[in-house]
Amino acid sequence: MKYIFYKEIQNQIKDSRFYIIITIFLVLSILSGVIESFYFKENNEIYKQLNEEYHKELKDNSYSLQSIAFMNHLAIKKTFPYTFIVGANANNFPNYSIVFLPEIFFRGDYYQYIPKKSLNEHIPIFKFFRLDICFLNEILLSFLIILLVHDSICKEKEEKTISLILSNSIPKYKLLLGKISASFITISISFILGLVLQLLIIVSINNIPISNNLLFDYLLFIPISFLYILLWILITTFVSIFSKQSNIALSYLLIVWIAFVFVIPSIGKIIVSYNNKLTSSKEISLGFETIEKNMFDEAKLHNGGWRGGNIKANEIDNHIYERNFSPIYLKYMDKSNEYQNFIIKKQIDQLKYIYNISSVSPSFLYRRLCESIYGVGIKNHYRFLEDLKNYRNRLKIEIASIDAKDLDSFHFLFLPNYMSKKNLDPKLISEFNFNNCTTQEDFEYISLFILLFEVIIMFLIIYTFFIKYDPR
Numbered sequence: 005m006k007y008i009f010y011k012e013i014q015n016q017i018k019d020s021r022f023y024i025i026i027t028i029f030l031v032l033s034i035l036s037g038v039i040e041s042f043y044f045k046e047n048n049e050i051y052k053q054l055n056e057e058y059h060k061e062l063k064d065n066s067y068s069l070q071s072i073a074f075m076n077h078l079a080i081k082k083t084f085p086y087t088f089i090v091g092a093n094a095n096n097f098p099n100y101s102i103v104f105l106p107e108i109f110f111r112g113d114y115y116q117y118i119p120k121k122s123l124n125e126h127i128p129i130f131k132f133f134r135l136d137i138c139f140l141n142e143i144l145l146s147f148l149i150i151l152l153v154h155d156s157i158c159k160e161k162e163e164k165t166i167s168l169i170l171s172n173s174i175p176k177y178k179l180l181l182g183k184i185s186a187s188f189i190t191i192s193i194s195f196i197l198g199l200v201l202q203l204l205i206i207v208s209i210n211n212i213p214i215s216n217n218l219l220f221d222y223l224l225f226i227p228i229s230f231l232y233i234l235l236w237i238l239i240t241t242f243v244s245i246f247s248k249q250s251n252i253a254l255s256y257l258l259i260v261w262i263a264f265v266f267v268i269p270s271i272g273k274i275i276v277s278y279n280n281k282l283t284s285s286k287e288i289s290l291g292f293e294t295i296e297k298n299m300f301d302e303a304k305l306h307n308g309g310w311r312g313g314n315i316k317a318n319e320i321d322n323h324i325y326e327r328n329f330s331p332i333y334l335k336y337m338d339k340s341n342e343y344q345n346f347i348i349k350k351q352i353d354q355l356k357y358i359y360n361i362s363s364v365s366p367s368f369l370y371r372r373l374c375e376s377i378y379g380v381g382i383k384n385h386y387r388f389l390e391d392l393k394n395y396r397n398r399l400k401i402e403i404a405s406i407d408a409k410d411l412d413s414f415h416f417l418f419l420p421n422y423m424s425k426k427n428l429d430p431k432l433i434s435e436f437n438f439n440n441c442t443t444q445e446d447f448e449y450i451s452l453f454i455l456l457f458e459v460i461i462m463f464l465i466i467y468t469f470f471i472k473y474d475p476r
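Take any residue in the sequence shown, note its place counting from 1, add 4, and you have its number in this note's numbering.
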């Protein structure tokens, strides 16, 4: 086996394709480092800008209790520090959202209850042009493996050398293991070099200190990637065994690659989008309009409603009209929040279905597993939305508590504009705090087991067929 291994290594090193492939991968790794550095900087700048604008408004002394209560509070995901490893479908998940407490419907803005990256649109799950290192492995490295390994067995058939090799009393399994291990070593070296280059570029451009935590998180990515590389080598070797010509093997493998990388994930999205459609913009608008109509219909039955900023209403009837409207209004604001949560749940359900169906593809399964390693996949997004919902409820309780302590307040709808203009200390209002770090719960052990299972099964199939099959 050692002879076959070293011989195969020598052949690959002498092969011009090896240098072309490793050059392409290293160049793309450098390009990835530069591009992802700009993404990282841009995300940090946006996060910083949003925070600064929010706190500037919050600290404005002109804000009273009412204006703070009805102000749009901002909930933001912190910039994920390892987007250069896995972009985490960043375009599919909203990174920030506006938290709306009960707010007057008269504005007619029914989309105010939907996060800024609208959930009422079909989510573009399959954007293949994010140049993170996961993308390079998922799409490009698998393609380069095919180009390098597709003729590992069938080339021996074409050159009539396989009969000579086997006639030297070399067991078939040693020939098979030697070729697979040699291919794995050469591809893995290219992968590690690209990974190191990208890390150095990211660290140098963004001035990120190389800490033990950074290196540990970075190293988590390697064993999963090794499994993925090995799986594609096994798939390529399997096709090469049963192909008599290299060009035929390459044609078959390109079909398999296109199916795994593009077709199956896209079919998964189409199936799920058809059977589990998200609520359309028109339906969302109609839903909020219905809630508003029901609210005012109920208010009429209880002699309630708004009369605007007429301070004389207190002299007339002690604001009885507004007081009657207050519990009805709060009730229907809760209904609006429930409706928003319903829309969000539909989005989460659709994403789960898409991930489950598309994970039939090893490429999609690999990305899904990488996302779970760094806690930036579906589970992280779900936590963000849950924290958002809890934050909204906490704000309502906090502001109502502050309102109850205000002797000038009539204590309904928190504090309408014309009731009090007292300034409020912004520090009394809690800020949204979302932990965007990975957790052990995020890691998908089932996905890891499936990937490992695929590697083992693929190897056993190849081994069994190659031992029984006469390749000559």
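Glycine residues also receive a C-beta, built at the ideal position from the N, C-alpha and C atoms.
Keep in mind the model is a prediction, meaning the values are calculated, not measured.
For the alpha helix (DSSP H) holding residue i, just list the boundary residues, first then last.
i, result
"residue 366", "366-377"
"residue 209", "176-210"
"residue 338", "324-362"
"residue 468", "449-472"
"residue 160", "158-162"
"residue 254", "250-262"
"residue 146", "146-153"
Rounded to whole angstroms, what's the CA-CA distance from residue i to residue j? Just pull it up for me.
i, j, result
"residue 21", "residue 152", "7 angstroms"
"residue 382", "residue 195", "27 angstroms"
"residue 13", "residue 192", "13 angstroms"
"residue 456", "residue 348", "33 angstroms"
"residue 388", "residue 276", "23 angstroms"
"residue 462", "residue 235", "7 angstroms"
"residue 39", "residue 25", "21 angstroms"
"residue 229", "residue 367", "11 angstroms"
"residue 300", "residue 339", "14 angstroms"
"residue 3", "residue 267", "No statement about residue 3 is possible, as the shown extent of the chain runs from 5 to 476 and does not include it."
"residue 88", "residue 398", "35 angstroms"
"residue 149", "residue 392", "43 angstroms"
"residue 231", "residue 458", "10 angstroms"
"residue 365", "residue 190", "24 angstroms"
"residue 259", "residue 243", "11 angstroms"
"residue 181", "residue 344", "56 angstroms"
"residue 342", "residue 296", "14 angstroms"
"residue 216", "residue 222", "10 angstroms"
"residue 446", "residue 371", "14 angstroms"
"residue 252", "residue 143", "21 angstroms"
"residue 262", "residue 256", "10 angstroms"
"residue 376", "residue 227", "14 angstroms"
"residue 16", "residue 183", "10 angstroms"
"residue 369", "residue 451", "7 angstroms"
"residue 379", "residue 358", "18 angstroms"
"residue 469", "residue 246", "9 angstroms"
"residue 436", "residue 45", "22 angstroms"
With 16 as the cutoff for other CB atoms within 10 Å, does residue i come out buried or exposed?
i, result
"residue 362", "buried"
"residue 306", "exposed"
"residue 421", "With a pLDDT of 46 at residue 421, under the threshold of 50, the modelled position of that residue is not reliable, and the figure given next carries that caveat. By the neighbour-count rule (16 or more Cβ atoms within 10 Å), residue 421 is not buried but exposed."
"residue 329", "buried"
"residue 254", "buried"
"residue 278", "exposed"
"residue 269", "buried"
"residue 264", "buried"
"residue 353", "exposed"
"residue 146", "buried"
"residue 49", "exposed"
"residue 233", "buried"
"residue 240", "buried"
"residue 273", "buried"
"residue 465", "exposed"
"residue 200", "exposed"
"residue 53", "exposed"
"residue 115", "Residue placement at residue 115 cannot be trusted, given a pLDDT of 38 that sits under 50; what the coordinates show is reported in the next sentence. It is exposed - the Cβ of residue 115 has fewer than 16 other Cβ atoms within 10 Å."
Below 6 angstroms CB to CB, which residues in the same chain sit around residue i once its five sequence neighbours on both sides are set aside?
i, result
"residue 41", "206, 209 and 210"
"residue 94", "With a pLDDT of 45 at residue 94, under the threshold of 50, the modelled position of this residue cannot be trusted, and the question is left open."
"residue 293", "none"
"residue 336", "295 and 299"
"residue 187", "153 and 237"
With a threshold of 8 angstroms on Cβ separation, who are the neighbours of residue i within its own chain once the five nearest residues in sequence on each side are excluded?
i, result
"residue 140", "29, 32, 33, 36 and 198"
"residue 356", "382"
"residue 135", "32, 35, 36, 39 and 40"
"residue 373", "228, 448, 451, 452 and 455"
Near residue i, what residues of its chain come up, given a Cβ to Cβ distance below 7 angstroms and the 5 sequence neighbours on each side ignored?
i, result
"residue 471", "176 and 177"
"residue 250", "154, 155, 158, 159 and 162"
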